[in-house]
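A.B. asks: Heads up: the sequence shown is residues 71 to 442, going by my numbering.
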Amino acid sequence: MQRPFWYIPAHKDVRYLSSEIGARPATFEYLKQVAQAVDQLDYQGALVPTGTNCEDSWVIASSLAALTQQMKFIVAVRPGLMSPSAAARMSASFDRMTGGRLIVNVVGGGDPVELAGDGVFLSHSERYELMSDFLTVWKALVKGEECTFEGKFFKIDRGRLLFPCVQDPMPRLFMGASSKSSIQVAIDNIDTVLTWGEPPHQVDEKLSNLRNAAEMQGRELSFGIRLHIVVRESDEEAWAAADDLIRYVSDEAIEASQAVLARTESQGQKRMIALHGGRRDALEVSPNLWAGVGLVTGGAGTALVGSPKSVAARLLEYRDLGIETFILSGYPHLEEAYRVAELLFPELPIDPATETHRPVKPMAAQVIPGGW
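1) Classify L315 as helix, strand or coil using the three-state DSSP reduction.
2) Would DSSP call M240 helix, strand or coil?
3) Taking just the CA atoms, how far does K102 sit from A158?
4) Could you compute how far the alpha carbon of A332 sits from the alpha carbon of G229?
5) Rounded to whole angstroms, what's the CA-CA distance from S327 to V104? Just pull it up for me.
6) For G441, which of helix, strand or coil comes out of DSSP?
7) What three-state label does DSSP hand R85 in the structure shown?
8) Within 10 Å of its beta-carbon, does Q72 have 16 or more other beta-carbons around it, so buried, or fewer, so exposed?
9) Measure the alpha-carbon distance for E405 versus A135 and round it to whole angstroms.
10) Go ahead and label V183 buried or exposed: buried means 16 or more other beta carbons lie within 10 angstroms of its beta carbon, across all protein chains shown.
11) With distances taken from CA atoms, which of F143, D181 and F219 is nearest G121?
12) Thinking L243 and V212 are a contact (beta carbons under 8 Å), I'd like their distance in whole angstroms, please.
13) Determine whether the beta carbon atoms of L315 and Y198 lie at a separation below 8 Å.
14) Would G371 be called buried (16 or more neighbouring beta carbons within 10 Å of its own) or exposed?
15) CA-CA distance, R166 and I130?
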């Protein structure tokens, strides 16, 4: 099993959902503490979130990279919000400056209100058409190839990076994919397809469909999952901690949050909402899988709750379905990074040799046209 990834809370961190009691703003000093804990506790790296509700993922990752030694950063590119050539330059620079510690998370967005605020008025299917064109250009450029391309959304004439990525042939690409349009883009371009923490039988069905579709087109995908963790020394303590996490969540807060989430076009988000339906009376949706986070939070809405042995058993159940990459988190993220590493890691058969390390190319001297 690979070493898990953790999460950088680039919006804010909380002790209780829907409460400012014990909340922490995403200051540089606090995010530095989280990142250095991730680095020192031997996580594989961390996901840096993207969206209008958080600090810019590239600025955050670049700031923290200089203060860490080995952790990888999963950073988002947003087709539709940036050109593929600009995204390629950003990716290549980050990859070079960190010695190959970049993983790219391709994000299409699903909230029409947020997308409109960013000037994106494409339909769901059009966004994935754009993503396909974007990745065609981006991949060519970061590999150091000259790119001439004309499609529905981009026209590139002899584009090239003078400073390509150092990972060979390029950084790994992650992406969540649940809809038909996104699945085809993933099959054509992506290394690791991510899912949120659905019950194992639903994850099994999703992975089987993705695997079969990829095999029909001569492709092989790997898979990852995004989960919160509430782990304590006993099951009873863990469930008490989960209940405590939502102690200040009111019915009004649930109603307001679900009204916002209901406008999503993301199939993955819709699947998260369906697990609890906005109700708090049946939140254990599968053994040790708790949907309480999703009552008031978008994105990853489930947590594995239990003792180290209980949580480890559930993670290994996902592993046996074909999940290779685990992106974990917990509130607050600093303390829980330690708790997960200290309590859960010893129960997991972690073998760093199972990780996919892209070789790093030597950085050759560049001849700069028109240089000084």
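Glycine is no exception: its CB is placed at the ideal position from the N, C-alpha and C atoms.
All values reported here derive from a predicted model rather than from experimental measurement.
C.D. replies: Taking the structure as given:
1) Residue mapping note: residue 315 aligns to position 245 of the sequence shown, counting from 1. Correct three-state label for L315: helix.
2) Mapped onto the sequence shown, residue 240 falls at position 170. Three-state DSSP puts M240 in coil, outside helix and strand.
3) Position 88 of the sequence shown, counted from the start, is the residue given in the question as residue 158. Position 32 of the sequence shown, counted from the start, is the residue given in the question as residue 102. Their backbone Cα atoms lie some 26 Å apart in a straight line.
4) As a position in the sequence shown, residue 332 is number 262, starting the count at 1. As a position in the sequence shown, residue 229 is number 159, starting the count at 1. Distance between the alpha carbons of A332 and G229: 41 Å.
5) For the purposes of this step, residue 327 is taken as the residue at position 257 of the sequence shown. For the purposes of this step, residue 104 is taken as the residue at position 34 of the sequence shown. As the crow flies, the alpha-carbon of S327 is around 27 Å from that of V104.
6) Position 371 of the sequence shown, counted from the first residue, corresponds to residue 441. Below a pLDDT of 50, predicted positions are generally treated as unreliable, and G441, at 48, falls in that range; no measurement from the model is reported.
7) To locate residue 85, count along the sequence shown from 1; it is residue 15. When DSSP states are grouped into helix, strand and coil, R85 belongs to the coil group.
8) Counting from 1 along the sequence shown, the entry for residue 72 is found at position 2. Per the 10 Å Cβ criterion, buried.
9) The sequence position of residue 405 within the sequence shown is 335, counting from 1. The sequence position of residue 135 within the sequence shown is 65, counting from 1. Taking the straight line joining both Cα atoms gives about 21 Å.
10) Here residue 183 is taken as the residue at index 113 of the sequence shown, counted from 1. Exposed.
11) Start at 1 with the first residue of the sequence shown, and residue 121 comes out as number 51. It is D181.
12) On the sequence shown, position 173 is the one that residue 243 refers to. On the sequence shown, position 142 is the one that residue 212 refers to. The C-beta separation of L243 from V212 comes to about 10 Å, leaving the pair out of contact by the 8 Å criterion.
13) The sequence position of residue 315 within the sequence shown is 245, counting from 1. The sequence position of residue 198 within the sequence shown is 128, counting from 1. Not in contact: L315 and Y198 (Cβ atoms no closer than 8 Å).
14) Walking along the sequence shown from the start, residue 371 turns up at place 301. Burial call: buried.
15) The count along the sequence shown starts at 1 and reaches residue 166 at position 96. The count along the sequence shown starts at 1 and reaches residue 130 at position 60. Distance between the alpha carbons of R166 and I130: 17 Å.
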